[in-house]
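What the sequence shown shows, in the UniProt record's numbering, is residues 1 to 453, in sequence order.
Idealized CB from N, CA, C, for every residue including glycine.
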Amino acid sequence: MIEQDNPSGETAKISLDQIFELLQEQEYEQLRTLLEVIHPGQLADILEAMPPKKRMQLWMLVPESQEAETLSFLHDEVRNSLIITMKPDELVAAVEQMDANDLAYIFEEFPEHVRQSIEEKLPDEILERLETNLSFEEGTAGRLMSQDVITVRNDVTLEVVLRYLQLHEELPDYTDGLMVIDRAGFYQGKLLLNKVLTHNREILVKDVMEKQQAILATDDEHAVTLFFEQFHLVSAAVVDLNNRLIGRITMDDAMEILRAETDRTLLGRDGLDEEEDLFAPVISSTKRRTVWLGINLITAFLAAWVIGIYTDTLDKIVALAVLMPVVASMGGIAGSQTLTLTIRGLALDQITSGNRFWLARKEIFIGILNGLLWAVVIAVMAWLWFQNIGISMVIAAAIIINLVAAAASGIAIPLILQRMHIDPALSGAVILTTVTDVVGFMSFLGLATYFLL
1 MIEQDNPSGE TAKISLDQIF ELLQEQEYEQ LRTLLEVIHP GQLADILEAM PPKKRMQLWM
61 LVPESQEAET LSFLHDEVRN SLIITMKPDE LVAAVEQMDA NDLAYIFEEF PEHVRQSIEE
121 KLPDEILERL ETNLSFEEGT AGRLMSQDVI TVRNDVTLEV VLRYLQLHEE LPDYTDGLMV
181 IDRAGFYQGK LLLNKVLTHN REILVKDVME KQQAILATDD EHAVTLFFEQ FHLVSAAVVD
241 LNNRLIGRIT MDDAMEILRA ETDRTLLGRD GLDEEEDLFA PVISSTKRRT VWLGINLITA
301 FLAAWVIGIY TDTLDKIVAL AVLMPVVASM GGIAGSQTLT LTIRGLALDQ ITSGNRFWLA
361 RKEIFIGILN GLLWAVVIAV MAWLWFQNIG ISMVIAAAII INLVAAAASG IAIPLILQRM
421 HIDPALSGAV ILTTVTDVVG FMSFLGLATY FLL
């Protein structure tokens with residue numbers, strides 16, 4: 001459900017089903033009224049949850065004042081599907097209302113002629129800000145930052161600051177403090193608003209400001225989220241390599257990055273794109289998923305090839321075929337636990353060259369202990385099932401080998417992928433599953449062939 005304030009001040013609840021119903025009944029005026037009070041971020045969620053035809057119907061009803069911000073909230077594929085339906089003049093009118101950092105986020109996706117029209121018609125101040133954002137690489141703090149910043153000098157009194165603030169009709173969103181600079185424009189720290197209100201007005205800014213660290217404009221988005229998490233910030237200054245203040249990033253930007261990273265990790269494990277439209281055409285969705293299915297097919301055939309080596313053993317001892325999945329499954333689960341912890345540690349910059357050895361040793365010891373524990377349990381269960389001590393001993397040994405291999409792989413795979421500049425969250429699980437399947441089957445069937453035949 002989506003809650004919005006209606007003109008009477010009461011809270012209105014709008015569900016996706018209600019939107020569908022109003023479209024079906026062609027209650028367009030009522031829809032326009034509702035769309036005027038829906039937050040652009042929530043409107044974007046509604047649009048992404050609609051099939052293409054219904055989405056276009058609803059988009060035609062969106063007020064012009066809502067178009068710009070709504071576009072900035074949409075995922076790439078959905079946004080592009082709407083942009084191509086807009087006339088150049090309509091698109092230019094929409095983006096003129098956007099902040100420079102929001103416009104920079106989607107600007108390069110526009111057709112060349114639309115970009116030229118935007119550059120020609122944008123006010124000089126906004127165009128200059130846009131060019132500043134675009135001068136930084138995509139995925140960096142400089143591309144993400146807002147240049148809508150209120151600054152004060154460090155050598156003025158709080159009385160001067162208060163009078164300066166009163167000149168503003170409103171403050172930028174998420175303004176918890178003012179960025180402090182010196183006469184040359186170098187960043188000095190942040191003056192929190194509560195200190196402006198609670199301290200003696202004759203005190204100088206430099207005596208009450210916080211010497212808060214700043215984000216480098218060249219830092220990547222991941223570093224930005226870590227910065228906000230580490231210091232629990234509402235907003236943070238962005239500086240160039242010379243420590244000159246050039247903008248700021250707010251907590252909503254950091255949350256958006258974090259959400260995108262989470263989507264990318266969760267969907268990437270299964271070969272999906274976080275920007276993919278839920279209602280994308282069947283052919284395009286099939287093409288994306290086919291590649292990942294092909295990769296998984298290769299790994300499946302690799303495991304099948306290992307099993308094929310021991311077909312004679314399986315023909316003679318059928319019980320081995322029954323127990324094979326146990327060895328592979330235990331290794332896969334144990335490995336995924338280590339893999340997840342390692343990926344999380346890398347994401348939070350908790351794993352360095354100084355502690356990798358200790359982490360690897362710890363996880364391998366856990367693998368050994370878990371292997372010994374579950375080897376006994378599984379050996380007893382195998383004996384009760386098949387009344388064969390040889391099979392019990394073989395599966396116990398295979399469990400120990402596979403759990404130790406899983407622990408070692410769960411550490412090594414993410415570290416190797418990171419060294420190769422490949423996101424371990426996207427491909428680590430596939431590689432790990434292949435390793436635990438191959439090691440599990442080979443150790444179990446290999447030991448059985450050697451000792452039981």
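Original post:
Based on Cα-Cα distance, which residue from 358, 365, 437 lies nearest to residue 307?
Top reply: Working through the sequence shown from its first residue, we reach residue 307 at position 307. For the residues 358, 365, 437, the minimum Cα distance to residue 307 belongs to 437.
**OP:** Note down, one range per segment and in chain order, each alpha helix (DSSP H) of at least 4 residues found wholly within the stretch 304-387.
**Re:** 311-316, 319-347, 356-386
Original post:
Under three-state DSSP, which class holds residue 258?
Top reply: Within the sequence shown, residue 258 is the residue found at index 258, counting from 1. Helix, per DSSP.
Subject >> Alpha-carbon to alpha-carbon, residue 237 and residue 245 >> reply: Within the sequence shown, numbered from 1, the residue matching residue 245 stands at position 245. Within the sequence shown, numbered from 1, the residue matching residue 237 stands at position 237. Taking the straight line from one Cα to the other gives about 7 angstroms.
Original post:
In terms of residues, what are the limits of the alpha helix (DSSP H) holding residue 213?
Top reply: Taking the sequence shown and counting its residues from 1, the one referred to as residue 213 is at position 213. Here residue 213 belongs to no alpha helix (DSSP H), and DSSP marks it neither H nor E.
Subject >> Whether residue 468 touches residue 179 by CB criterion (8 angstroms) >> reply: Look at the range of the chain in this structure, 1 to 453, and you will see that residue 468 is not part of it.
Original post:
Alpha carbon to alpha carbon, what distance is there between residue 60 and residue 17?
Top reply: Here the question's residue 17 lines up with position 17 in the sequence shown. Here the question's residue 60 lines up with position 60 in the sequence shown. Those two C-alpha atoms are separated by around 19 angstroms.
Original post:
How is residue 26 classed by DSSP in three states: helix, strand or coil?
Top reply: As a position in the sequence shown, residue 26 is number 26, starting the count at 1. Reduced to three states, the DSSP call for residue 26 is coil.
**OP:** Could you tell me the distance, in whole angstroms, from the CA atom of residue 51 to the CA atom of residue 279?
**Re:** Residue numbering aside, residue 51 sits at position 51 when the sequence shown is read from its first letter. Residue numbering aside, residue 279 sits at position 279 when the sequence shown is read from its first letter. One C-alpha to the other measures close to 6 angstroms.
Subject >> As assigned by DSSP and simplified to three states, the class of residue 5 >> reply: Against the sequence shown, residue 5 aligns to sequence position 5. Bear in mind that the predicted position of residue 5 carries a pLDDT of just 43, short of 50, making it unreliable; the figure below should be weighed with that in mind. It is a strand residue.
Subject >> Rounded C-alpha distance that separates residue 211 from residue 172 >> reply: Taking the sequence shown and counting its residues from 1, the one referred to as residue 211 is at position 211. Taking the sequence shown and counting its residues from 1, the one referred to as residue 172 is at position 172. Roughly 21 angstroms separates the two Cα atoms.
Original post:
How many Å lie between residue 79 and residue 105 at the Cα?
Top reply: Here residue 79 corresponds to residue number 79 of the sequence shown, with the count starting at 1. Here residue 105 corresponds to residue number 105 of the sequence shown, with the count starting at 1. Rounded to whole angstroms, residue 79 to residue 105 spans 12 angstroms at the Cα level.
Subject >> Of the listed residues 325, 68, 328, nearest to residue 91 (C-alpha basis) >> reply: Translated into positions along the sequence shown, residue 91 becomes position 91. When only C-alpha atoms are compared, the closest one is 68.
**OP:** Could you check what DSSP says for residue 147 in three-state terms: helix, strand or coil?
**Re:** Against the sequence shown, residue 147 aligns to sequence position 147. Residue 147 falls in the coil class under three-state DSSP.
Subject >> Endpoints, the alpha helix (DSSP H) within which residue 158 is located >> reply: The residue given as residue 158 occupies position 158 in the sequence shown. Its alpha helix (DSSP H) spans residues 158-166.
Original post:
If we ignore side chains and look at the alpha-carbon of each, how far apart do residue 207 and residue 240 end up?
Top reply: Position 207 of the sequence shown, counted from the first residue, corresponds to residue 207. Position 240 of the sequence shown, counted from the first residue, corresponds to residue 240. Whole-angstrom Cα-Cα distance: 25 angstroms.
Original post:
Who does residue 190 pair with in a DSSP beta bridge?
Top reply: Position 190 of the sequence shown, counted from the start, is the residue given in the question as residue 190. For residue 190, which the question treats as bridged, DSSP gives the partners 179, 210.
**OP:** For residue 450, name the three-state secondary structure that DSSP assigns.
**Re:** Here residue 450 refers to the residue found at position 450 when the sequence shown is read from its first residue. In this structure, residue 450 counts as helix in the three-state DSSP scheme.
Subject >> Heavy atom of the ligand SAH within 7 angstroms of residue 50 beta-carbon >> reply: In the structure shown, the ligand SAH is absent, as is every other ligand, since no ligand is present at all.
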